[in-house]
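A.B. asks: Have a look at this one.
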Amino acid sequence: MLKKDKPNILFIGLGMMGQPMAHRLIQAHYPLFVHDTNRETVKNYCNQIDAKALLPSDDLSLIDVVITMLPDSGIVESVILGVDNSPGVASKLKPGSIIIDMSSSEPMRSRELGASLTKMNLIYLDAPVSGGVKRAIDGSLAIMVGGTLEAFADVQPILENLGKNIFHVGDPGSGHAIKALNNYLSAITTLSVAEALIIGKRFGLDPNKMVDVFNSSSGKSNATENKAKQFMLNGAFSAGFTAKLMLKDITIANQLGSAVNSSMELGEASLNAWRNALEFLGDDEDHTAIYRYVEQNQSA
Ligand code: NAD
21 MLKKDKPNIL
31 FIGLGMMGQP
41 MAHRLIQAHY
51 PLFVHDTNRE
61 TVKNYCNQID
71 AKALLPSDDL
81 SLIDVVITML
91 PDSGIVESVI
101 LGVDNSPGVA
111 SKLKPGSIII
121 DMSSSEPMRS
131 RELGASLTKM
141 NLIYLDAPVS
151 GGVKRAIDGS
161 LAIMVGGTLE
171 AFADVQPILE
181 NLGKNIFHVG
191 DPGSGHAIKA
201 LNNYLSAITT
211 LSVAEALIIG
221 KRFGLDPNKM
231 VDVFNSSSGK
241 SNATENKAKQ
251 FMLNGAFSAG
261 FTAKLMLKDI
271 TIANQLGSAV
281 NSSMELGEAS
291 LNAWRNALEF
301 LGDDEDHTAI
311 YRYVEQNQSA
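Letter by letter, the sequence shown follows residues 21 to 320 of our numbering.
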């Protein structure tokens with residue numbers, strides 16, 4: 021159990037999501053150390069914000085909670101457990117410290133990571149988020165947490181600075197499972213909205229009018245409400261979540277389906293479409309640019 025009102029936190033991963041999330045914890049007066057492999061990012065961040073960069077000489081036994089916001093399971097494991105001859109963060113923490121992986125990681129691997137950390141007398145929670153950069157900035161993310169209820173209760177005051185809807189969803193790995201399935205739904209609706217808009221346009225419909233109709237009808241979704249006009253039809257393609265991350269999440273959802281022996285017809289079709297889209301768009305393009313891919317695909 022965390023003994024302090026404001027435990028010492030080490031936040032690892034200062035990317036699009038990590039920066040605003042760490043900032044909110046600083047604003048809430050948590051003593052915060054930050055770390056990222058990109059030294060320039062750390063330097064700029066600490067210059068702008070009152071955060072302390074973790075130094076190799078810092079004593080990690082002073083840290084009570086580690087939060088990771090990293091690209092994927094492989095990187096999370098290498099940071100936490102270490103790689104080759106370089107030890108991970110876990111081996112330097114005191115017993116009872118809590119590690120919260122807020123990245124979108126692979127649920128099966130998260131279960132194993134949780135089991136390894138339990139053997140080291142550490143506590144693991146997976147707590148991925150939904151809502152994107154905008155909601156990371158205003159602290160209104162949805163957070164889905166896997167792990168013991170006791171540990172969940174312990175970190176809830178920390179998470180309340182980051183999210184508005186915080187759910188305990190089961191054992192370790194459960195948060196990552198539900199996150200992947202959520203993005204499975206999001207990937208399919210985003211793709212289908214792009215297809216519907218382009219087909220309608222070719223028929224002669226006004227795409228903005230189509231969105232208004234969908235939003236008052238049964239075709240309404242997050243993609244029609246918050247993406248179609250805001251990021252697709254106006255050519256902005258800047259929702260802040262890349263197509264590459266979307267492909268990662270659908271891949272995880274499909275792997276999860278296989279792991280529990282469930283077939284996913286739509287999962288496979290969606291995986292193929294997003295793979296092709298990424299090839300067309302390139303690694304850095306926003307996921308809403310799937311609209312551009314669908315447009316060129318339909319005129320090919
Ligand atoms: P990002 O690529 O912007 O940031 C990742 C950061 O991790 C980078 O700053 C990188 O330098 C750092 N990093 C990589 N390897 C590292 C290592 N070994 N040690 C320390 N730092 C390392 O990614 P992001 O958009 O911030 O996403 C982070 C996670 O959150 C991902 O798992 C993503 O799927 C998930 N997510 C993103 C969004 C979004 O809208 N961007 C929304 C929900 C969830």
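Where is the CB? At the ideal position from N, CA and C, for every residue including glycine.
#1: Is any heavy atom in the ligand NAD found nearer than 7 Å to the beta carbon of residue 55?
#2: Looking at the ligand NAD, does it come within less than 7 Å of residue 177, judged from the CB to the closest heavy atom?
#3: Quick one: is residue 223 buried, meaning 16 or more other Cβ sit within 10 Å of its Cβ, or exposed?
#4: Output the distance between the C-alpha atoms of residue 290 and residue 270, rounded to the nearest integer angstrom.
#5: CB of residue 102 to nearest heavy atom of the ligand NAD: below 7 Å?
#6: Would you say the beta carbon of residue 252 is closer than 7 Å to some non-hydrogen atom of the ligand NAD?
#7: Based on DSSP bridge pairs, tell me the residues matched to residue 55.
#8: Given residue 74, which residues of its chain have a CB within under 7 Å of its CB, disregarding the five upstream and five downstream residues?
#9: Let me know the secondary structure DSSP gives residue 179 once reduced to three states.
#10: Run the CB neighbour count on residue 156, radius 10 Å, all protein chains shown included, and call it buried at 16 or more, exposed below.
#11: Could I get the ranges of all uninterrupted alpha helix (DSSP H) runs contained in the region 119 to 206, with 4 residues as the minimum, in chain order?
#12: From the DSSP output, in three-state form, read off residue 256 for me.
#13: Provide the residue span of the beta strand (DSSP E) that contains residue 88, from first to last.
#14: Quick check on this structure: which residue in 310, 292, 304 and 318 has the alpha carbon closest to the alpha carbon of residue 36?
#15: Sort 215, 201 and 282 by Cα distance to residue 252 and report the nearest one.
C.D. replies: Once the coordinates are examined:
#1: yes
#2: no
#3: exposed
#4: 8 Å
#5: no
#6: no
#7: 32
#8: 30, 53, 54 and 55
#9: helix
#10: buried
#11: 127 to 139, 152 to 157 and 169 to 179
#12: coil
#13: 85 to 88
#14: 304
#15: 215
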